[in-house]
Structure formats: structure tokens, C-alpha cells
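These notes are about the structure you will find just below.
8 protein chains.
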Amino acid sequence: MNLTVYLSGEIHTDWRKRLKEGCEAHNLSITFTSAVTDHDASDAAGDVLGVESVSYWRDHKSAKVNAIRTKTLIESCDIAIVRFGDKYKQWNAAFDAGYCAALGTPYITLHNEDIIHPLKEVDGSAIAWATTPEQVIEILKYTLTKE
Amino acid sequence: MNLTVYLSGEIHTDWRKRLKEGCEAHNLSITFTSAVTDHDASDAAGDVLGVESVSYWRDHKSAKVNAIRTKTLIESCDIAIVRFGDKYKQWNAAFDAGYCAALGTPYITLHNEDIIHPLKEVDGSAIAWATTPEQVIEILKYTLTKE
Amino acid sequence: MNLTVYLSGEIHTDWRKRLKEGCEAHNLSITFTSAVTDHDASDAAGDVLGVESVSYWRDHKSAKVNAIRTKTLIESCDIAIVRFGDKYKQWNAAFDAGYCAALGTPYITLHNEDIIHPLKEVDGSAIAWATTPEQVIEILKYTLTKE
Amino acid sequence: MNLTVYLSGEIHTDWRKRLKEGCEAHNLSITFTSAVTDHDASDAAGDVLGVESVSYWRDHKSAKVNAIRTKTLIESCDIAIVRFGDKYKQWNAAFDAGYCAALGTPYITLHNEDIIHPLKEVDGSAIAWATTPEQVIEILKYTLTKE
Amino acid sequence: MNLTVYLSGEIHTDWRKRLKEGCEAHNLSITFTSAVTDHDASDAAGDVLGVESVSYWRDHKSAKVNAIRTKTLIESCDIAIVRFGDKYKQWNAAFDAGYCAALGTPYITLHNEDIIHPLKEVDGSAIAWATTPEQVIEILKYTLTKE
Amino acid sequence: MNLTVYLSGEIHTDWRKRLKEGCEAHNLSITFTSAVTDHDASDAAGDVLGVESVSYWRDHKSAKVNAIRTKTLIESCDIAIVRFGDKYKQWNAAFDAGYCAALGTPYITLHNEDIIHPLKEVDGSAIAWATTPEQVIEILKYTLTKE
Amino acid sequence: MNLTVYLSGEIHTDWRKRLKEGCEAHNLSITFTSAVTDHDASDAAGDVLGVESVSYWRDHKSAKVNAIRTKTLIESCDIAIVRFGDKYKQWNAAFDAGYCAALGTPYITLHNEDIIHPLKEVDGSAIAWATTPEQVIEILKYTLTKE
Amino acid sequence: MNLTVYLSGEIHTDWRKRLKEGCEAHNLSITFTSAVTDHDASDAAGDVLGVESVSYWRDHKSAKVNAIRTKTLIESCDIAIVRFGDKYKQWNAAFDAGYCAALGTPYITLHNEDIIHPLKEVDGSAIAWATTPEQVIEILKYTLTKE
């Protein structure tokens, strides 16, 4: 059994790295996918198509260029991990969770206890809620290796 | 032509009321649907199924009971209006937008200019972005009455 | 808002009657649907197509004739209530729950506490778990009438 | 031609082992998949996400963690074998059968004659009913090797 | 409960008439739909689009014009009755049965015993096999009126 | 039997009017739907959302506002009539035809003989090709009234 | 580019062999799939599950066991070739064509001119009609190798 | 990450070649697919099935034979590039864009500024608009290689 795991959300802490390294340490057969996490590159993704003077359209073009990747990867993943950090709005993470919910793709939310209440709808459709990458690693390990 | 319009997001201002009254003033053939917007009732939606001592599970049960309504209504709407206010995280609004995107249901975002950047992915999949309920009314009026 | 509610499972107690009467008392806009609950008629549903000497085929023909009704009604309901009683296997109720889960149709399980463990997979995909018809009535009332 | 075959249901007898060994003896090109069949591990699947004092929620969390695996595997199998033993309720097996039926995935039921009647709806949607693993092996062999 | 029932196949006997009259006699809430059964009109359905000198293309155009009706009606029916008579190939009836099977729409075959063997694949995917319109009436009556 | 018929394409001749009047003269039970055919209004559909200095974005916003209507109507029609005139590119008509083809919605093309060759892919997926509105009326009349 | 091609229908002439050999001679990258074409084995496919005294049920069981293979293969093919010979009813071939039509899978019919009229509905939904295996080979060669 | 990219539209300039060579120069993991671009071969694709005296039917047969390839490839691509040149109608390109839109497959349009207005509906559903193959290469490179 193999899994393709999409990593969505927060880009300011090292949770993706910890998750990947932990899974590698257990030799889990997982392909990790993700949006582009280089913030500046992501914001400039559409610039090659022509400079925009209105910031809304610059954002719009870049968001769509990034969606080529995210849409393709989300639609082909087996499970998504959706991370909400302490800072920033991270509406794109909640958007990805809703997208997964509509597709019937299971997702695990990863966030601290202090934001349980505002995330209750997102957690309500999740297959699990974790507070640390290590918990997610354990779940993936269980899913892939237990018989 | 009739439209069923789902209203998602912020519950602390009167945008739903303005939108409905404006459409009524034009005699537009619209059925408006929405999640329960009574905040306390929504938080307590699952209490009838038994009291929970752990707040996560109280939220979880209520979120799922509310989802009976929201899931049914979102899946049967023709278009959604997704409102992001100045306060609060409103991850459920972004979740609804992602849900619509995956279903292929068009949605209009309704928010101020100052949150264009964090909402760029949500706007990127939207059919339109408006800043006032009156603009949304105009679009619905155009859609329903122009020949 | 209207709801079509499919009632699945146990036929030996009066839970269907209590549920319908309770919803009527609140004037809820609900259409209730169900499999044929007359046990003998249900077992004999296929007999009109010719008598079978092997009981497996008699059951098979009747099960399929009954499926014309159940399949049509389950696929068109907004929500299902799946009841597990104290007696009998009620595999058909679990089958209906799985069918709903695959379709993405929300369902509420209705059963006592003493069978929580063997029903954990069925409950795990349910939108809610209730122990009395009165709780289900409250949830339907909340879903249909709260604004 | 290859087949991915999901094995659902009873975990207290050696039917999975007999089925796999029989197919291997015929060199059939089959990938067998299954839920975790270690009963204690399965019940504890969610414990890594935090200890629950209420047994319902412990079961709930574990059922969902297990569903990451079962949902992914059922949705990607070509055919399922659903086994009902003499003991226990095995509602999860009937749930899996209903899930397959809604997806249009063929499944073979595997059970003794004495439970034909309570399983008539589950058998009614099945592609075949077998009483021994050896019969299932023959069917898989026929499907894969006959020209 | 209402049903929309599509009548497919043989046009040379009065089975459609008997079926409709029998259902009317029981006041069953059924909408019957069907392909055009006027043979000459059906063959000429495409002639209005221009005369064809090659008979293949005349048939082709008419078959497609007829498909506007049959495709729309088959896709919106709840159940189909597929009749195979003693004469003619009636490949269109088998085609409709296959179409229903792929859509997951239940269908009842209606034919005599002497063609069981050549129809075994068509019957194998059917929800029931009847030999007389009266049997079909009984099944529809049971489905619609039994509680 | 009723039909919902979407009228796509050319807005510079009176084919929509002739088609509607012809169907009304035969009392056909048809609901006609269409994009907004007022050219200036259509081009300005997005202006209410704010003036754009770059013409690409003005067109973009208006095209999306118009898509609220066209997407909703195309997805709910039973059949589309796609008209290609002598002038203009009418790429939107070909776009609508491709959209219908992917949905499996039948469409009739309506165009003169001199553009058969460049339209061969669009005609190849069509259910019929007509050269006059009167032919389309005949086909709709046949579909709706012949028994 | 690779293609998976399902071969349906007549089993009494060598068209499958000619088709495969012709494609091999051109080194076309095709995987051919098919139902079991050994007539006696196909009729006996269900016998391993227990002997039936009623021929209808013997046929029924065998048809379903065969459907494990045919359903899986038809749903995964890129294109089907559906052959109608001079003899026999071959309703299963027409059934397969209808199944493909509903799935949107293109199919080529292969039959002589003298049965054009009774096959007009089957041909009407086909992507092409051929009279010889050699024509089919040419089409597959064109599809796979032309740039 | 790999991508399958379908190239649709104009066949009279070297944009396909520039696009492929540019992607190869960056070692991008892309499989390019396309309709047959040999104009004469494409027009004659159906001739092997018999000569037609009426040009409409010759075009019709060839269009359908070509659709075996294009339909299969469009439905399996991750993204399409749809090119509109200065000359010709290129309705097939707009048709492909509509087909992608209905499937939810992202596509990039590639055309000059002077046809922005007639292409506004096609651009309105596109994920991006480019004017040169080099821009498309940059977007594909970003999508595939940025982390």
C-alpha cells in the first residue's frame, strides 16, 4: 500500500519537514505533495504573463497559476494534511479542506487547542484532528504498515 | 429563471438582510438559504444528543448537526455568496468556498479591499468579487432579468 | 426548506410512528420514506414472478423487488435515519448506512449505548448518533426551523 | 489482467489466509487489501491523538483513523469479498457491502447457508454468494485466467 | 411515492397498453415514458433535415433524432421495463438495458422462457425478470402502495 | 413530456424569435433559456463591480458574470441549439457545444452548408445538424408530441 | 500513446484473432481485453458455487460471475469494438454497446451491411461503423501512430 | 510531479514545436499529447471505412474517427493549452476549451491581444492567458519544479 499525501496550509514553521523526515525514518511508502511554499515566488507566479498595475489582478493571476498545481495535486491525493498555525488567516487551508470534503477525500487537521472553536466546521468534516506532526506520522505509519 | 442563492460567512453585520431586501425590492425570483445564523443556537446544536464535558466534542457534535443543513443547502444551490468580515477567522466561509469550487458551483466573494491578498486563492476560484451587498444585488438582477 | 427523510432498519418497535408523529406535531415540512415494513409481504415480494423451490432464490427475488423501492428512495433522500434494535442482525440497516456513506448522504444512527462498540464503523461515518426518536425530532426541527 | 481484491469482514477465522494462499498456489495476479485485522490495534487506532474518557469518542476516533485505510482501499479495489461468520454482528461488513453497491463495485459474499435469510438484501446486490474460500478462489481463477 | 417508468423494446404487441391500463386500474402514481413507437415515423425521424440517398445515413440521422427523446427519458426514469418479443432482433432493447445498467437504473426484463439463455447477460444485470405485463403491474403496485 | 432548450450562439439574426414562435404555434411544452443577447449589456455585465482600465480585465469580469447565467442554464437544459452565423468568430458557441459534449447533453447545430468543414468536430459530436430554425422546430415537435 | 481495447460480441468467427494479429503486425501499443470466449466454460462459470436444477438460475449465476470480468474490463477500456455476426441474437453485444454509451466510452461497431437497419440505434451512438477487422486495424493504427 | 499536457488548436505555426523543445531544454517531466496535426490525414481519417459522395458525411466520419484520439487524450490530460491563431475559425479549439471547462480540467489559452474580445468567454473559464509559447513554458516550469 502506498499513499499520496497532500500538505496544505501554514508555511512559516517546519511542520512539513518534520512530517517528511519522520515518515522517511519509518520507511513509509508515501509521496508528499504540496503547493509552492516559497512565499515570494508564489505571489509572483503570474508575473511572467505580464505586469499588472492593479494588485487585485496580480494576485488573481498568481492564484490561478498556483491553482494549476494545487488543483491537480489535491484531486490526485489519497489524504490531505491541513495545517493551521497561530498567525495569519490561512483561508487557503480552509478552502483546501472544503475542497477535499466535497471530493470525499479524507483530511487530517493539524492545529493547537486554542483554535478548536473557530475551526469546528473544518474539524467536523475531518477524518482526524492532530496537534503535532508526530501524531500524524503515527497515523500514517499505522495506516500503511499495520496488518 | 429562478435562482437558489446560499449565503455563507459573517454573521455579525446585516449583509444578509440588505441583500434579501434589495432583491425583494426588485421582485427577483430568488430563494435564499443559509446556515443557522443564531450564534448561540448554532454552538448548542448537538446538545440535545447529550452533554459533553470535553469542549472539542461539543463543538464536533454541533458542527455535524449544522452540517446536515449546510451540506444539503450548499449542494442544492445555484450560486453562493461568501462573505468575509473584518473580524474573526471565518474559516467556515473559506471552507464553503472550497466546497463550492470542488462541486463546480459558482460563488461570489463579498469582502473589503484590505483582505484581497490573504483571500487570493478563494477569489481566484470565485466567479466574481464584490465589496457591497448592493453590487451583488445588481449582479443577481442582471442574471435574472436581462434578456 | 423541505427535507426527504428515509427511515431504515428495525421494524419491530414503533420508532417510525413516534418519529413521524413528533415531526407532525411540530408541523415540520418532511416527507418520510421507507422500505416496506410488513415483514411477510416483504419476504413474499418476488413470489408473483413465480414460485421458487430453493429458499435462497426466493429470498433473492424478493430482495431485488424490494430494492426497486429502497434504492430509488435512498438515492433521492436528503438524510437517512438508520435504526438498530436490540434483536436481530439488521445487516440491511448497516448496508443502507454504507450505501449512504458512499453517496455522501448524511445519516443519523439511532441505537442504544450497549451496541456502540460493534457499530463504531457505522457511527464513524454518521453525521450524528441518537438514542431516542425524540432526539432525532429535535435535530430535524432545528435543521428545518431555526434561522 | 490484474485484480485488486478487498477482503472485508470476519477476523476470527483463517479465511483470508486460505484465500491468499490458494490464489498464490495458482499464481493469480491479485493484490489483496484489507482493513487492519489486529483487533486490539484497530480499537486503539485513535489513541495516539489523545486519550478519551468517554468510550464512544474513543471508538469514534479509532473508527475514523481506520477509515483512512478502508475508504481508500475499498474505493480503489476491483472487487470485494465480504465475509460474515457465525458470531458477532459484523455490521462493518454489511456497511462495506452497501458502500460497494453504491459505488457499483462488484462484491462476493462469503457465508454459510444458515444466515441466508437475514443477509438477503446484502446478497441481493452481490455479484455472487460463496460458502467456502475455495469457491472464491475458483471464481477469481476463472476471471483471471480463462480466455 | 411516484415513479417514472420507461418502456423499452418490442412495438408489435400490446404490452405497453396492457401495462398502462393495468396500472391505471390500480390508480398507481406512475408516469410512463417511451420511445416513439410508430415504426414508420421513427424511421423517418431525420428526414426533415434533408433526404439521404444512402440508407445508412438515413438510419443514422433518424436514430440520432430519436435519441434526443430516448436518452432524455431513460436518464430521468426511476425504472425501465425492457421487453423482448418473439420476433426481430431488438438490439435497441438490449442497448437500453446496458445503458440503464451503467447508470445504475433498475430495469425489469419482460420476455418468454424460451429466450432465457441468449438473454442471460441482460437478465443478470436486471432487478427482476417477468413473463407477463400483469406480473410487472403487481411489482409496481407493491412498490408504490405497500407500506 | 417537457423540454428545457438552451439557445446558444449568434445574436445578430432573428433565429431565436423564429424558433420560439414556431414552437408556440404548435403548443410545444418547452422552456427556452439563453445567455443575455443584448450585446452592450453583456459586455458591461461586470462594470458594476468597479471600472477596469485594462480591457482584458473588463472583458474577464463581464464574461464571468455572464457565466453565472450560462453555466447554470446549460447544466440544467435537456438539449441545446447551437447557432453559427455567417459573420463573427462565435467561439463562445463552439465553447458551449464542447461543454454540452462533455456533460453528455445532446445539442443540435444550426448553420449553413458553407461552414460544414470548419465545424466538422462540433458537428461530429452533435445529435443533429439543421440549416433552418423550422427544421429544429420540426424535430422538437416530433420529440415532444409523437407517440 | 497506449490504448486498451475491449472486444465484445460474436465468438463464432476469428475476428478477434485477425484483429489482434493485424495490430501486432503494426507493433501497435494495444492491450486487448475480452469476455471469456470459451462458450461452454462461460455457461458453466457459476457451477462452482453449487449446482442449480432450474436453468434460469444456472444462467443467472454464470452471467454474474462473467460480469465480474466484463464489467471491470469495459469500465477500464479506452475503446470497445462491438461485433455482430450473421447468426444468433447477440444481445450481450448490444448490452455492452449501451453500457459504453452511458459511460461515454467510444465504441466501433463491426457488422455487415445487411443488418444496418436493426442496428441503427446501436450504430447511432457509435463512434464508427466498420465491416471488416482490417478497417478497425487501420483506425487503431491511425489513432496510435499518426502525428 | 509529472504532467500530461494536451495541445489543442492551430496547426499552421510552430507553437507546438517551440513549446516541446522549450520544456525539454528545462528537463520538465511532461508528456505532450495532441490531435493528429497532419491536415490532409485528419480530413481523410474516415475514408478507410468507405468512400462518401456527400462531403458532410465524409467530414462526419473523419471527425468521429479523430475523436477517438482527442476525447481519450483530453479526458486523461492534467492541463490543456488551447491555441488560437490569426487565421481560420478554429472552432475545434473553442470546443476543446468548453470540453475541458465542463470536466474541470484547467486550460491555458494562447493567443494575441487582438482577439481578446471575441475570446472573452473562452478566456473567462481559462486558468491563464498567454501570448507566447515561452510564457507557457515558464508556467509549466514553475508548476513542476518550484518547491
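Residue numbers (the numbering used here), protein chains in the order written: chain A, 1 to 147; chain B, 1001 to 1147; chain C, 2001 to 2147; chain D, 3001 to 3147; chain E, 4001 to 4147; chain F, 5001 to 5147; chain G, 6001 to 6147; chain H, 7001 to 7147. Cβ atoms here follow ideal geometry from the backbone N, Cα and C, with glycine treated the same way. Just so it is clear, the structure is predicted and the values come from calculations on it, not from any experiment.
Residue i at chain E interface by Cβ criterion, 9 Å
| i | result |
| --- | --- |
| residue 7075 of chain H | no |
| residue 5079 of chain F | yes |
| residue 2146 of chain C | no |
| residue 2061 of chain C | yes |
Closer than 8 Å at the beta carbon, the chain J residues around residue i
| i | result |
| --- | --- |
| residue 129 of chain A | Absence of chain J from the displayed structure is noted, the protein chains being A, B, C, D, E, F, G and H. |
Cutoff 9 Å: residue i Cβ touching any chain C Cβ
| i | result |
| --- | --- |
| residue 1065 of chain B | yes |
| residue 1018 of chain B | no |
Proximity to residue i [Cα-Cα], best of the options
| i | options | result |
| --- | --- | --- |
| residue 6018 of chain G | G:6120, G:6061, G:6081 | G:6081 |
| residue 2060 of chain C | D:3006, D:3025, D:3104, D:3118 | D:3118 |
| residue 3050 of chain D | A:137, A:142, A:143, A:131 | A:131 |
| residue 4070 of chain E | E:4005, E:4001, E:4136 | E:4005 |
| residue 6008 of chain G | G:6144, G:6057, G:6066 | G:6066 |
| residue 5077 of chain F | F:5033, F:5025, F:5111 | F:5033 |
| residue 1126 of chain B | B:1079, B:1048, B:1112 | B:1079 |
| residue 3013 of chain D | D:3083, D:3144, D:3035, D:3001 | D:3083 |
CB contact below 9 Å: residue i versus chain G
| i | result |
| --- | --- |
| residue 2053 of chain C | yes |
| residue 4012 of chain E | no |
Any chain B beta carbon closer than 9 Å to residue i
| i | result |
| --- | --- |
| residue 2211 of chain C | Limits of chain C in this structure are 2001 at one end and 2147 at the other, which puts residue 2211 of chain C out of reach. |
| residue 2003 of chain C | yes |
Length of the line joining the Cα atoms of residue i and residue j
| i | j | result |
| --- | --- | --- |
| residue 3022 of chain D | residue 3134 of chain D | 7 Å |
| residue 1072 of chain B | residue 107 of chain A | 21 Å |
| residue 1085 of chain B | residue 4092 of chain E | 58 Å |
| residue 1098 of chain B | residue 7003 of chain H | 23 Å |
| residue 4124 of chain E | residue 6064 of chain G | 6 Å |
| residue 2140 of chain C | residue 1038 of chain B | 16 Å |
| residue 52 of chain A | residue 58 of chain A | 5 Å |
| residue 2110 of chain C | residue 2029 of chain C | 21 Å |
| residue 6046 of chain G | residue 3142 of chain D | 10 Å |
| residue 1121 of chain B | residue 75 of chain A | 16 Å |
| residue 7044 of chain H | residue 2100 of chain C | 50 Å |
| residue 1095 of chain B | residue 96 of chain A | 7 Å |
| residue 6036 of chain G | residue 3144 of chain D | 10 Å |
| residue 104 of chain A | residue 3001 of chain D | 29 Å |
| residue 2048 of chain C | residue 4026 of chain E | 16 Å |
Any chain H beta carbon closer than 9 Å to residue i
| i | result |
| --- | --- |
| residue 46 of chain A | yes |
| residue 6120 of chain G | no |
Cβ pair residue i, residue j closer than 9 Å
| i | j | result |
| --- | --- | --- |
| residue 4146 of chain E | residue 2041 of chain C | yes |
| residue 7128 of chain H | residue 68 of chain A | yes |
| residue 4116 of chain E | residue 6055 of chain G | yes |
| residue 6088 of chain G | residue 6024 of chain G | no |
Any chain F beta carbon closer than 9 Å to residue i
| i | result |
| --- | --- |
| residue 1143 of chain B | yes |
| residue 4043 of chain E | no |
| residue 4036 of chain E | yes |
| residue 7070 of chain H | yes |
9 Å Cβ cutoff, residue i in contact with chain A
| i | result |
| --- | --- |
| residue 5091 of chain F | no |
| residue 3033 of chain D | yes |
is_contact[residue i, chain D] using C-beta, thresh 9 Å
| i | result |
| --- | --- |
| residue 1057 of chain B | yes |
| residue 2022 of chain C | no |
| residue 6083 of chain G | no |
Between the segment 7093-7116 of chain H and chain A, which residues of the former have CB atoms less than 9 Å from a CB of the latter, in chain order?
7104, 7106, 7108
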